[in-house]
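Reviewing the structure listed below.
Numbering (the working numbering), first residue to last: 3 to 224.
Structure (structure tokens):
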């Protein structure tokens with residue numbers, strides 16, 4: 003056992019990518035055990051390590067952590083990226099949870115029905131530019147600080163950088179730990195392509211065309 007966190011997931015970004023981002027921002031090295039078949043996933047389930055028979059799962063500090071938000075909160079608190087008091091934590095939670103709808107839409111967009119990709123893309127852009135981005139732009143403008151909460155890097159900044167990568171990237175991505183994560187050869191995963199989508203379908207038993215319907219219903223999660 004190396005003492006490094008061990009990430010268990012399929013070989014793609016998905017919900018594990020936010021966890022990779024946060025560990026990278028904290029400067030924490032991690033290892034990954036990635037499964038590429040349904041059989042490997044079922045073996046992990048049968049091993050009893052998955053509380054809800056779902057991934058992502060992270061081995062850290064002698065625990066098998068599951069549920070994405072629980073994992074992220076633990077990492078943020080452990081590595082001092084979760085505010086200095088309850089009020090700062092509340093602001094961080096609001097900013098992070100506000101990004102969840104947008105990040106889910108972006109993550110699941112490649113799984114759109116072919117005939118709905120254009121309308122889904124328009125919907126994502128409209129929601130991003132009218133509902134989400136203005137909140138963070140206003141926060142940074144009103145605070146006149148480089149970061150969203152407490153004038154120092156927090157989980158909220160890392161989540162925002164991952165999701166929107168707009169002008170906020172110019173400031174935040176200069177941090178050495180994040181800059182390294184953006185370089186070729188890091189553990190950051192590539193975007194979903196046809197091959198990785200087919201792999202995910204086979205692992206999680208997704209059926210063709212069952213994913214999204216006009217961005218209103220997510221039938222299956224991964």
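Heads up, the beta-carbon is just placed ideally off N, CA and C, and yes, glycines get one too.
The model shown is predicted, which means the values in this text are computed figures rather than measured ones.
Taking residue 184 as reference, the option from 13, 8, 24 with the minimal CA-CA separation is 24. Assignment of beta-bridge partners to residue 11 by DSSP yields 36.
In the structure shown, the three-state DSSP call for residue 96 is helix. Residue nearest to residue 56 within the set 16, 88, 145, 190 is 16 (criterion: CA-CA distance).
Residue 52 sits in coil when the DSSP states are folded into three classes, being neither helix nor strand. Under the Cβ criterion (8 Å, minimum of three pairs), the segment 99 to 108 does not count as touching the segment 80 to 88.
Residue pairing by DSSP places residue 60 opposite 9, 67 in a beta bridge. By the 16-neighbour rule on beta-carbons within 10 angstroms, residue 21 is buried.
DSSP places residue 82 outside both helix and strand once states are collapsed to three, so it counts as coil. Annotation for residue 135: the continuous alpha helix (DSSP H) segment containing it runs 135 to 145.
If you look at residue 124, you'll find it in the alpha helix (DSSP H) that goes 119 to 129. Around the beta carbon of residue 132, a 10 Å sphere encloses fewer than 16 other beta carbons of the protein chains shown; the residue is thus reported as exposed. Leaving aside the five residues that flank residue 54 on each side, the residues in its chain whose CB is nearer than 7 Å to its CB run, in chain order, 68. In the structure shown, residue 184 falls within a coil segment according to DSSP collapsed to helix, strand and coil.
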